[in-house]
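Here is the structure we will look at.
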Amino acid sequence: MRVLVADDSLVMRRLLESTLESWQYEVASAKDGEEAWAVLSSEDPPRIAILDWMMPGRSGLELCQMVRQQGSPDYTYIILLTSKSQREDIVEGLRSGADDYVVKPFDRHELEVRLRVGRRIIDLQSQLLEAQAALRDQATRDALTRVWNRGSILEILGREVSRAQREGRPLGVAMMDIDHFKVINDTYGHLAGDEALKETAFRVSGGMRSYDFFGRYGGEEFLFVVPGCEDRNLIAYAERLRHLIESEPYRLAGQDVAVTASFGVTALMPGDHPTPDQLIRAADEALYEAKRLGRNRVCHSTVRQASSL
């Protein structure tokens, strides 16, 4: 674990560095408050900081306040190093955002124990963040395919529709349905059907841009939200994804199985003001047409066409 040592005394810095390194810590050093802030505000700051109370540039108290105001999700455990030992001084330091303090000249064993406390708190905070991320993932991701679930992809669609209309940019929307999915389930079993869904999600995800969105709408049906994509490009985009699905057989229940998918696409163009529901309906009507024409193809519809049906 990296520890920042910030002290304007070269002797104190060297003493702290050698002590920390003997305990297998990686040490970053700063000789004043400005250097310390540069380290603490970097992309990957140390998780523990030992800051001298009085330093040129910025004091340890100022640095404590600045770190806390930053609001970084990765907590920095701060130990103030000070010759002040009055109760009022200690309270002031803790109120400024410090987690602990060590009085100069420091006791080696005391410092070691206080660092252990800091590591324990940081480890607990990391575990908490991981648990929160896991809960968010469970709430927003489809458990089987790991793509966005229905609620999340609909929320994304609403957000992207508002953004596209506000910025005057096109937005592509597509619905995809795996062809003859019931036959796959009936012939090879529901576990094979699950594998077909997972493999489809994997293949399609590999053909998408990093800023496109893809979620399971329900059953074997998926919804795509494609920012900045107008009709012509959206059709080519869907054709590419369709080809990724049919390019090689799926391995299901120990057998090679040909799997295809049908796509229905529509687009919001600059100046248009359809609702998310209208875009979904247009894409769904195009998907129905692709099924009617024999499946394994891409069909296009507009909101106006869908509204007239």
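All residue numbers for the sequence shown refer to my numbering, where the first residue is 665 and numbers rise by one. Virtual Cβ for every residue (Gly too), placed ideally from N, Cα, C.
- Scanning the stretch 706-758 for uninterrupted beta strand (DSSP E) segments of 3 residues or longer gives 712-716 and 741-746, listed from N- to C-terminal end.
- Under the DSSP assignment, residue 887 falls in the beta strand (DSSP E) whose first and last residues are 885-891.
- For residue 682, the three-state secondary structure derived from DSSP is helix.
- The beta carbon of residue 668 sits closer than 6 Å to those of 692, 703, 710 and 713, all from its chain and outside the five residues before and after it, given in chain order.
- C-alpha of residue 683 to C-alpha of residue 674: approximately 14 Å in a straight line.
- For residue 840, the secondary structure class from DSSP, reduced to helix, strand or coil, is strand.
- With respect to the 8 Å criterion, residue 671 and residue 745 are classified as neighbours on the basis of their beta carbons.
- Counting every other CB atom within 10 Å of its CB across the protein chains shown gives residue 866 a total below 16, marking it as exposed.
- The alpha helix (DSSP H) runs of length 4 or more contained entirely in the stretch 757-816 are, from start to end of the chain, 772-804.
- If you look at residue 920, you'll find it in the beta strand (DSSP E) that goes 919-921.
- Minimum Cα-Cα distance from residue 830 among the listed residues 964, 936 and 957 corresponds to 936.
- Beyond the five residues adjoining it in sequence on each side, residue 804 comes within less than 7 Å, by CB distance, of 812, 813 and 816 in the same chain, given in chain order.
- Between the C-alpha atoms of residue 929 and residue 953 there is a straight-line separation of about 11 Å.
- Per DSSP, reduced to three states, the secondary structure at residue 864 is helical.
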